[in-house]
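Below is one structure, written out as C-alpha cells; the observations come after it.
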Amino acid sequence: MNRFCHSNVLFCLFAGLQGFFIQAGYAENYPLQAYESECKSMVLMDAGSSGSRVMSYQFKRLYGTSQYELIRQTSLVESEPPLSYGKRLPGHLIGEMSSLYQLKSGDCIPKTEVFVGGTAGLRHRAVILKNHGKPLLSADLVLKRVAIELYRQGVPGNYPENVRLLTGLEEAAFTWLGVNTLRGQLKSEKLQYGIVELGGGSVQMAFRVRKDEQNSLYRRAASEIPSSAVNIKRFWRYPQPDIEVYGESYSGLGINQAYDDLLRLENVTSLSKVCSEYQSCSEVVDKLFERPGSLRKDRRRPLLYTSMPKVFHLNGYFYDRTVALGLPNIQTPRMLQLAARYVCGLKPDGVHERLQGHYRSDNQFFSEFIKLHNQPPPLEEDFSSSGEPRKPLAERMCAEFVYMAELLSRLGLKPDTHLLVSKSVSYKGHSYGLSWPLGYSIARANDWLKVKEE
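Taken in order, the sequence shown gives residues 7 to 460; the numbers are from our numbering.
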C-alpha cells in the first residue's frame with residue numbers, strides 16, 4: 007500500500023471495493039484467444055442451514071500454464087427448507103446437478119467432478135440413530151440418500167467420499183481461499199483479507215498465518231477458546247509455496263440458531279420486549295456468549311490481534327442485514343455498533359414501518375443513518391451467483407444487530423478494523439458467489455487439496 011493509501015485508507019478501500027465488483031484477478035492475464043489445453047467443471051451442492059444451493063464452476067488451463075483459470079459460474083439454484091432426515095429430497099436440485107454434469111464449456115468437453123458438502127445446518131441438527139445396531143448421524147444418512155439419487159440419475163462420482171459433512175474449519179478456509187484467490191492476493195501476505203462468514207447455524211473466521219507463527223498462534227488460541235474450534239488448514243500449491251490458514255468455527259452461533267437460543271435462555275417466544283432498547287438487549291446477548299464452550303470474554307484473546315489482517319471480508323447474513331438494507335459496503339465494527347443503537351432506538355413498530363418503506367419504495371432502511379454519519383451508499387450487486395438477500399423480521403432486528411456487533415468483538419476484531427461486506431465478486435465479466443463452494447472448486451481443480459509428501 008502506497009503512502010497515499012496509508013493516509014487515505016477509506017478512500018483506497020472504497021476504490022478497491024469498486025474493483026472488487028468490477029475486475030478482480032488471481033492469475034496472469036493470459037489472452038483468452040490463446041490455445042486451450044484442458045477444461046474442468048465442478049458441480050456442487052451446498053447443503054446449508056437455511057436451504058440447499060446448487061451451482062457449477064468451469065475452468066480452463068491454457069498451454070504453457072500450470073493453473074486452471076476460473077471462467078464461469080452458473081446461476082445459483084436454491085431450495086428451502088434445509089435437508090433433513092425423514093423428508094423428501096428436493097428433486098429439482100438433483101435434476102439440476104444431473105443437467106450441470108452434462109454441461110459443456112464452449113467447444114471443450116470438461117472433466118467433471120461432483121461434490122456435496124453438508125454444513126452447519128446438518129451438523130447442528132443431526133441426531134444419533136441406530137442402523138443395524140450401529141450409531142449413525144442422521145446427517146450422514148441424508149447425504150447417503152443424496153449420493154444414491156445422484157447415482158440413479160446417472161451422475162458418476164466418487165461416492166460417498168464426495169458427499170460428506172464439511173468441518174467448520176473447511177468452510178472457513180475454503181471461503182478465505184475463494185476471496186483471496188479472485189482478489190489476486192495469494193502472493194502477498196500483507197494485503198490479504200481475513201474472512202468472517204455468518205450463516206444461519208454457525209459462524210466461521212479465517213486468516214492466513216505465516217509458518218513461523220503457526221505453533222504460537224495455535225497454542226495461544228487453544229488456551230482461550232475450545233480446542234475443537236481451532237485448527238490450521240493447509241493448501242499445497244506445488245511448485246509455489248503452500249499456504250496455511252488459521253480458522254475458528256462455532257456451531258450454534260449462526261444468526262438463526264443464536265436467536266433461538268436467546269429465546270430459550272430468556273424463556274420467551276419473542277425478544278421484542280426484553281430487547282426493547284440497546285442496553286438491555288446487550289445484557290441478554292452477553293448471556294449467550296458467556297455459556298460454557300462459547301466465546302467468553304478473555305483478556306488474553308487480544309494477543310490474536312498481532313496475527314490478524316487489518317481488513318476482513320464479511321458475507322452471509324452480515325450482507326443481508328446491513329448492505330441489503332442500505333449500509334455501505336465498507337464498514338467497521340464501530341459502525342455496526344452504531345447501527346445497532348440506531349435500530350434498537352426505532353423500537354419494533356418503527357423498524358416495521360421502515361422495513362415496509364424499504365421494500366415498497368426506493369427509501370432504504372438506513373437512508374437516515376447514512377445521512378447522519380455521512381456515509382456513501384452501497385454498491386449494487388448481481389445476486390444470480392449468490393442468491394437473493396434474506397429478509398429480516400422487525401421484532402428480531404434489534405437483537406440481531408446487537409448480536410452481530412458483539413460477535414465481531416468476541417472474535418477479536420478491533421473497533422476500527424476495515425470490513426468489506428459483499429455476497430459476490432465480478433471477475434472477467436462473470437459473477438461469483440463468495441462462499442465455500444468457490445474456494446473448494448478452485449482448490450480441487452488445481453489439486454491444492456493433496457497432502458504434501460514429506
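Just so it is clear, CB atoms sit at the ideal spot from N, CA and C, and this is done for glycine as well.
All of these numbers come straight from a predicted model, not from anything done at the bench.
Spatial distance of residue i from residue j (CA atoms)
i: Phe324; j: Gly260; result: 11 Å
i: Thr338; j: Val349; result: 17 Å
i: Gln210; j: Ala53; result: 16 Å
i: Tyr74; j: Leu301; result: 39 Å
i: Pro298; j: Gly205; result: 21 Å
i: Arg366; j: Arg402; result: 20 Å
i: Ser72; j: Gly190; result: 16 Å
i: Ile336; j: Pro395; result: 18 Å
i: Arg131; j: Leu143; result: 10 Å
i: Leu6; j: Val329; result: No answer is possible for residue 6: the residues shown for the chain start at 7 and end at 460.
i: Leu149; j: Gln263; result: 22 Å
i: Leu147; j: Pro96; result: 15 Å
i: Phe407; j: His379; result: 17 Å
i: Tyr91; j: Ser430; result: 31 Å
i: Leu192; j: Val274; result: 47 Å
i: Trp242; j: Pro162; result: 27 Å
i: Gly200; j: Asp326; result: 19 Å
i: Lys397; j: Arg170; result: 29 Å
i: Gln381; j: Asp422; result: 15 Å
i: Leu172; j: Asp368; result: 40 Å
i: Asn168; j: Tyr446; result: 12 Å
i: Lys293; j: Leu183; result: 33 Å
i: Pro88; j: Phe65; result: 29 Å
i: Asp453; j: Met51; result: 20 Å
i: Gly69; j: Pro116; result: The amino acid occupying residue 69 in the given sequence is Tyr; Gly does not appear at that position. Each residue's Cα considered, the two are about 16 Å apart.
i: Gln198; j: Gln362; result: 39 Å
i: Pro383; j: Tyr244; result: 42 Å
i: Gln246; j: Lys434; result: 24 Å
i: Lys93; j: Lys377; result: 48 Å
Close-in-space but distant-in-sequence residues of the same chain around residue i (CB under 7 Å, 5 per side omitted)
i: Leu331; result: His364, Gln370, Phe371 and Phe372
i: Leu175; result: Asn237, Lys239, Gly253 and Ser255
i: Glu283; result: Cys350
i: Val133; result: Ser144
i: Arg257; result: According to the sequence displayed, residue 257 carries Ser and not Arg. Closer than 7 Å at the Cβ level, and outside the excluded window around Ser257, lie Ala126, Arg129, His130, Gly174, Gly207 and Ser208.
i: Ser357; result: Contrary to the premise, residue 357 reads as Val rather than Ser in this sequence. Excluding sequence neighbours, Val357 sits near Val349, Ala400 and Met403.
i: Tyr438; result: Gln79, Leu188, Ser391, Ser430, Val431 and Leu444
i: Arg360; result: Leu352 and Phe371
Cutoff 8 Å; reference residue i; Cβ partners in own chain excluding five residues on either side
i: Arg240; result: Asp248, Ile249, Glu250, Val251 and Lys458
i: Ile100; result: Val152, Glu155, Leu156 and Gln159
i: Ala405; result: Tyr265, Leu268, Leu277, Cys281, Cys287, Val290 and Val291
i: Thr181; result: Ile201, Glu203, Gln210, Ala212, Asn321, Leu440, Ser441, Trp442, Leu444 and Gly445
is_contact[residue i, chain C] using C-beta, thresh 8 Å
i: Gly127; result: Of the protein chains in the structure, only one exists, and it is not chain C.
Residue nearest to residue i in terms of C-alpha spacing, selected from the options
i: Ser194; options: Phe180, Ala178 and Val215; result: Val215
i: Leu342; options: Glu289, Asn168 and Leu320; result: Leu320
i: Arg129; options: Glu177, Met314, Gly356 and His379; result: Glu177
i: Arg67; options: Arg340, Asn164, Arg59 and Ile77; result: Ile77
i: Glu386; options: Ile376, Asn380 and Ser428; result: Ser428
i: Val185; options: His379, Arg360 and Val202; result: Val202
i: Lys420; options: Pro315, Ser437 and Cys404; result: Pro315
i: Phe295; options: Leu271, His98, Pro334 and Pro354; result: Leu271
i: Leu352; options: Thr118, Gln198, Pro334 and Phe375; result: Phe375
i: Leu333; options: Leu426, Tyr409 and Gln246; result: Leu426
i: Tyr409; options: Gln362, Asp453 and Leu344; result: Leu344
i: Ala411; options: Lys93, Arg94 and Arg340; result: Arg340
i: Phe213; options: Ala179, Leu413 and Asp453; result: Ala179
i: Arg450; options: Gly322, Tyr69, Gln246 and Thr118; result: Thr118
i: Leu414; options: Lys377, Lys303 and Gln246; result: Lys303
Contacts around residue i, its chain only, beta-carbon distance under 6 Å, and the 5 residues preceding and following it disregarded
i: Val49; result: Ser62, Met103, Leu106, Tyr107 and Val120
i: Leu1; result: In this structure the chain extends from 7 to 460, so residue 1 is not present and cannot be described.
i: Ser56; result: Gly206
i: Pro354; result: Ser278, Ala400 and Glu401
i: His436; result: Arg78
i: Arg347; result: Tyr284
i: Tyr165; result: Ala153
i: Val60; result: Met51, Val83, Leu99, Glu102 and Met103
i: Ser85; result: Gly57, Ser58, Pro96 and Leu99
i: Ile448; result: Thr187
Practice task
Any chance you could list the beta strand (DSSP E) runs of at least 3 consecutive residues sitting entirely within the stretch 389 to 458, in chain order?
Solution key: Whole beta strand (DSSP E) segments, 3+ residues: 424 to 427, 430 to 433 and 436 to 439.
Exercise for the section: Check whether the stretch 44 to 59 touches the stretch 109 to 120, taking contact to mean three or more Cβ pairs, one atom from each stretch, closer than 8 Å. Expected result: The answer is yes - the stretch 109 to 120 touches the stretch 44 to 59, with three or more Cβ pairs under 8 Å.
Exercise for the section: Take every Cβ of the stretch 111 to 130, pair it with every Cβ of the stretch 437 to 454, and state whether three or more of those distances are shorter than 8 Å. Expected result: Yes, the stretch 111 to 130 touches the stretch 437 to 454.
Exercise for the section: Can you check the stretch 87 to 132 for any alpha helix (DSSP H) of at least 4 residues that lies completely inside it and give the ranges in chain order? Expected result: Complete alpha helix (DSSP H) runs here, min 4: 97 to 107 and 126 to 131.
Practice task
Would you check if there are 3 or more beta carbon pairs closer than 8 Å linking the stretch 386 to 393 to the stretch 78 to 93?
Solution key: Touching, yes, given that three or more Cβ pairs across the two stretches are closer than 8 Å.
Exercise for the section: Could you name each continuous alpha helix (DSSP H) segment of 4 residues or more that falls completely within the stretch 244 to 318, going from the start of the chain to the end? Expected result: Whole alpha helix (DSSP H) segments, 4+ residues: 261 to 272 and 284 to 295.
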